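Trainee:
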Amino acid sequence: MRISVDDIKNNMIIDEDIYNSNGRLILSKGLSVSDESFYQRFIEKK
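All residue numbers for the sequence shown refer to UniProt numbering, where the first residue is 1 and numbers rise by one.
1) Whole angstroms is fine: what's the gap from Lys9's alpha carbon to Tyr19's?
2) Compute the beta-carbon to beta-carbon distance between Asp15 and Lys29, rounded to the nearest angstrom, for a pair I have assumed lies under 8 Å.
3) When you compare only the Cα positions, how much space is there between Ile13 and Gly23?
4) The beta strand (DSSP E) that contains Leu25, what's its start and end?
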């Protein structure tokens, strides 16, 4: 599945593993993107 970084929202719970274009795991299933500082760091890397 392809997902845009823009689709990741604060307070979202990831329902399946998300990999970058090189096949590296970047977000794992079950992760809660509820920490505002984590969310901001993730968005800044896009």
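The beta carbon of each residue, even a glycine, is placed where N, CA and C say it ideally should be.
Values in this document were obtained by computation on a predicted structure and should not be read as measured data.
Mentor: On the basis of the data shown:
1) As a working mapping, residue 9 is identified with position 9 in the sequence shown. As a working mapping, residue 19 is identified with position 19 in the sequence shown. If I take the Cα positions, the gap works out to 17 Å.
2) One-based indexing of the sequence shown puts residue 15 at position 15. One-based indexing of the sequence shown puts residue 29 at position 29. Their Cβ separation, rounded to whole angstroms, is 6 Å, which keeps Asp15 and Lys29 in contact under 8 Å.
3) Residue numbering aside, residue 13 sits at position 13 when the sequence shown is read from its first letter. Residue numbering aside, residue 23 sits at position 23 when the sequence shown is read from its first letter. C-alpha separation (whole angstroms): 21 Å.
4) The residue given as residue 25 occupies position 25 in the sequence shown. Leu25 -> beta strand (DSSP E) spans 25-27.
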